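Presented below is the structure to which this report refers.
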Amino acid sequence: MAASGERRAHCRRRPSPRRDLHRRLRGRRPRPPPRARARERLLVRVAAEHRRRAREPAPARTGGVRRRERRWHERQPSRGRALGACGPGGAARDARRGLDHRRRADRAASRRPSGAVVDGRAGDSRRGRRDRHCGCRERQHTDARDFHRRAVCTHCRRGGRALAAARRARLPRGSGAVTSRIAIVAACPFPTLQGSQLLIRRLAEGLQARGHAVVVVAYAEGLEDALTGVPVRRIPAIPGCRARGSGPRAAKLLLDAALLAKVWRVVRDERIEIIHAHNYEAALVGLAAGRLARVPVVYHSHNALAEELPTYFRGALARRAARALGALADREVPRRADHCIAICHELVDFLRARGVGAVDLVAPGGSVEEFPARSSGDVAAIRARFAFGSRPLLLYAGNLDGYQNVELLLGSIGRIRHVVPDALLVLATHAAPRSVRRVLAARTDGVRIVTAADFATVRDLLHAADVALCPRREWSGFPMKLLNYMAAGKAVVVSAGSAKAVRHGVNGWVVADGSARGYAAAILHLLRSPGLRAALGAAARRTVEDEYGWDRVLDQVEAIYASVLAARARAAVTHAPPLPLRAAGYE
4 MAASGERRAH
14 CRRRPSPRRD
24 LHRRLRGRRP
34 RPPPRARARE
44 RLLVRVAAEH
54 RRRAREPAPA
64 RTGGVRRRER
74 RWHERQPSRG
84 RALGACGPGG
94 AARDARRGLD
104 HRRRADRAAS
114 RRPSGAVVDG
124 RAGDSRRGRR
134 DRHCGCRERQ
144 HTDARDFHRR
154 AVCTHCRRGG
164 RALAAARRAR
174 LPRGSGAVTS
184 RIAIVAACPF
194 PTLQGSQLLI
204 RRLAEGLQAR
214 GHAVVVVAYA
224 EGLEDALTGV
234 PVRRIPAIPG
244 CRARGSGPRA
254 AKLLLDAALL
264 AKVWRVVRDE
274 RIEIIHAHNY
284 EAALVGLAAG
294 RLARVPVVYH
304 SHNALAEELP
314 TYFRGALARR
324 AARALGALAD
334 REVPRRADHC
344 IAICHELVDF
354 LRARGVGAVD
364 LVAPGGSVEE
374 FPARSSGDVA
384 AIRARFAFGS
394 RPLLLYAGNL
404 DGYQNVELLL
414 GSIGRIRHVV
424 PDALLVLATH
434 AAPRSVRRVL
444 AARTDGVRIV
454 TAADFATVRD
464 LLHAADVALC
474 PRREWSGFPM
484 KLLNYMAAGK
494 AVVVSAGSAK
504 AVRHGVNGWV
514 VADGSARGYA
524 AAILHLLRSP
534 GLRAALGAAA
544 RRTVEDEYGW
554 DRVLDQVEAI
564 YASVLAARAR
574 AAVTHAPPLP
584 LRAAGYE
């Protein structure tokens, strides 16, 4: 019996020194479950010398370490090695049957001719797509994929997803080197003549001209006017669902769902690095796609939804519910983006009060080059073409939605015509027929609606106008029409809520919000003073040229993109999974 017990003790399995060291380094912790142990066995084994930048000779093989264990995945063969050729005659049998058990990358690389260019570099029959260099100086170290689907360099721990130059192949390139791949999401018809769409267009064209790869994703509708060098990816047309004007509609639920699918495909296929979403619907779509694709999202806030959303409803209960829903969106949506852009100081304070930390002010831009000076003969020809004659002309250019406060103009024109009988109010719009019928139902004399099919029509009307009008009273927006008025050199009468770039008596005339009497008095004052109109228009044009150029806007947006990508790269390094003990040099 004693001999039998000694034999059993002698045959008992003794722990190896390597496992004993492994347990001492881990400390007294419970044994991980089998699933975690299986994941640990599949991690990439890289020696500690490979993590340092100094080139040192690889350590000699120690007992118990399998061949190539230090450099290759334990369940992945070396490059060019075939799998599955088991048993006598297995390789020959598979060759006769036309089977190839190698990895997909190796199979594709073996079929390419020597020297072929693949993903921006020369092809190698022994190298697949997964073996890309991350950009660090260690030529031996390539991107390796872990179980979190994140490309991490095994040498410098940097994210290869943002640094792989081979992924910049599908989008058209600008005049310079591509620095970022940007998807601009617009949950609206694009392009159109509305202010938000005009801002998106100028921003996309400017970024493309600076060398970024930009693609705009929008609804199916839009003008036929093509953007300069910027591709537009549209959702397919859905029968019975059309986005007519601004505001909430049941059809937009289907349109936004199709937009989400489209954005996801664009981000995946074009390897987008930044999603730039404008307004709340696009922000929801962009955040969902960014979460799925692990791409940072920059939210461009144009207004406060709690202020604008109630203007689309008439009943008191509906307006109260819309205000509550808008407040919820203002509180939850912007803070989930990686960075926020606000178009005015009031909106910056509004977002920071709701917990948004990363928010910057980027006011819209204007261009005086789009409004060259016209001679008196050209102005007379424009007036004759529209049959205006020599009447005093008051111009409003924009959509006729409720938040624009067009009713203030309709209430003021009667007071103005009581003093100046031949004054004419022109509403230049591309609005939907329902909005046009609502304005015509007021039956106000001295009002004329001109349908602007393109921006050239708006430009001609601005040259022919005597006074330009902006009655909008919401504080959270920055009307693009205001910058167009000022760039054209026109005297502007603006409500106090939307007077973002106007200084009273210097480059425009500011009126208290909602005062039809005050608005009419300001217009009459300017009609009686042609010298004051000319001085205000010249000062407004200088303001746009000096303070609101598009180069300033593009510089600020590029700085935001750089900070977002840098923050995402730091987060990828910080949250990268730790190397196992074998990769750290312990055996």
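First residue of the sequence shown? That's 4 in this note's numbering, and the numbers climb one at a time after it. Quick reminder that beta carbons are idealized off the backbone N, C-alpha and C, glycines included. All values reported here derive from a predicted model rather than from experimental measurement.
Could you check what DSSP says for residue i in three-state terms: helix, strand or coil?
| i | result |
| --- | --- |
| Ser378 | coil |
| Trp512 | strand |
| Ser304 | strand |
| Val470 | strand |
| Ser249 | coil |
| His433 | coil |
| Tyr399 | strand |
| Asp333 | helix |
| Asp363 | strand |
| Leu428 | strand |
| Ser498 | strand |
| Ile526 | helix |
| Arg451 | strand |
| Arg205 | helix |
| His215 | coil |
| Arg475 | coil |
When you compare the CB positions of residue i and residue j, do they come within less than 8 Å of one another, or not?
| i | j | result |
| --- | --- | --- |
| Ala280 | His305 | no |
| Ala309 | Ala330 | yes |
| Tyr564 | Ser249 | no |
| Tyr483 | Ala504 | Correcting the residue type first, residue 483 is Met in the shown sequence and not Tyr. No, Cβ-Cβ distance for Met483 and Ala504 is not below 8 Å. |
| Arg326 | Ala296 | no |
| Tyr315 | Gly405 | yes |
Do you know how far the Cα of residue j is from the Cα of residue i?
| i | j | result |
| --- | --- | --- |
| Ala261 | Cys244 | 11 Å |
| Arg394 | Leu568 | 55 Å |
| Val220 | Val429 | 33 Å |
| Glu335 | Leu206 | 26 Å |
| Cys159 | Ser566 | With a pLDDT of 44 at Cys159, under the threshold of 50, the modelled position of this residue cannot be trusted; read the value that follows with caution. If you take the alpha carbons of Cys159 and Ser566, they lie about 20 Å apart. |
| Pro367 | Trp478 | 15 Å |
| Gly521 | His421 | 15 Å |
| Leu557 | Asp549 | 15 Å |
| Thr231 | Ala321 | 42 Å |
| Ser415 | Arg274 | 53 Å |
| Arg268 | Asp341 | 21 Å |
| Glu283 | Ile419 | The sequence given here places Tyr at residue 283; Glu does not occur at that position. Rounded to the nearest angstrom, the two C-alpha atoms are 39 Å apart. |
| Ser378 | Glu311 | 40 Å |
| Leu529 | Gly318 | 38 Å |
| Arg555 | Ala523 | 36 Å |
| Gly492 | Leu527 | 19 Å |
| Trp553 | Phe374 | 15 Å |
| Val497 | Ala572 | 45 Å |
| Ala253 | Asp259 | 10 Å |
| Pro424 | Val450 | 12 Å |
| Pro192 | Gly225 | 5 Å |
| Gln407 | Glu561 | 31 Å |
| Asp448 | Leu328 | 38 Å |
| Ala525 | Ala387 | 27 Å |
Taking 7 Å as the limit between beta carbons, can you name the residues of its chain near residue i, skipping five residues before and five after?
| i | result |
| --- | --- |
| Val362 | Cys343, Ala345, Val351, Leu354 and Arg355 |
| Arg204 | Pro194 and Leu230 |
| Phe458 | Leu196 |
| Ile385 | Asp463, His466 and Ala467 |
| Arg339 | Leu290 |
| Asp516 | Arg476, Ser498, Ala499 and Gly500 |
Counting only the same chain and skipping the five closest in sequence on each side, list residues whose C-beta sits under 6 Å from that of residue i.
| i | result |
| --- | --- |
| Pro234 | Val218 |
| Ala433 | The sequence shown places His at residue 433, not Ala. Closer than 6 Å at Cβ, skipping near neighbours: Leu196 and Ala455. |
| Arg213 | none |
| Leu210 | Val217 |
| Gly369 | Leu486, Ala490, Val547 and Tyr551 |
| Ala307 | Asp333, Phe353 and Ser479 |
Kindly give me the distance between the Cβ atoms of residue i and residue j, rounded to whole angstroms, as I take these residues to be in contact under 8 Å.
| i | j | result |
| --- | --- | --- |
| Pro313 | Val409 | Not quite, the Cβ-Cβ distance comes to about 17 Å (not below 8 Å), so this is no contact. |
| Gly500 | Arg476 | 4 Å |
| Val495 | Ala471 | 5 Å |
| Gly198 | Gly401 | 7 Å |
| Leu257 | Ile241 | 6 Å |
| Val300 | Leu287 | About 10 Å; that fails the 8 Å criterion. |
| Val453 | Ala431 | 5 Å |
| Val371 | Arg544 | 6 Å |
| Leu397 | Asp469 | 7 Å |
| Arg237 | Ala223 | 5 Å |
| Val188 | Ile278 | 6 Å |
| Leu412 | Tyr399 | 6 Å |
Measure from the C-beta of residue i to each C-beta in chain D and report whether the shortest distance is under 8 Å.
| i | result |
| --- | --- |
| Asp558 | Any reference to chain D falls outside this structure, which holds one protein chain only. |
In chain order, what residues of the same chain have a beta carbon less than 8 Å from the beta carbon of residue i, not counting five sequence neighbours either side?
| i | result |
| --- | --- |
| His348 | Leu364 |
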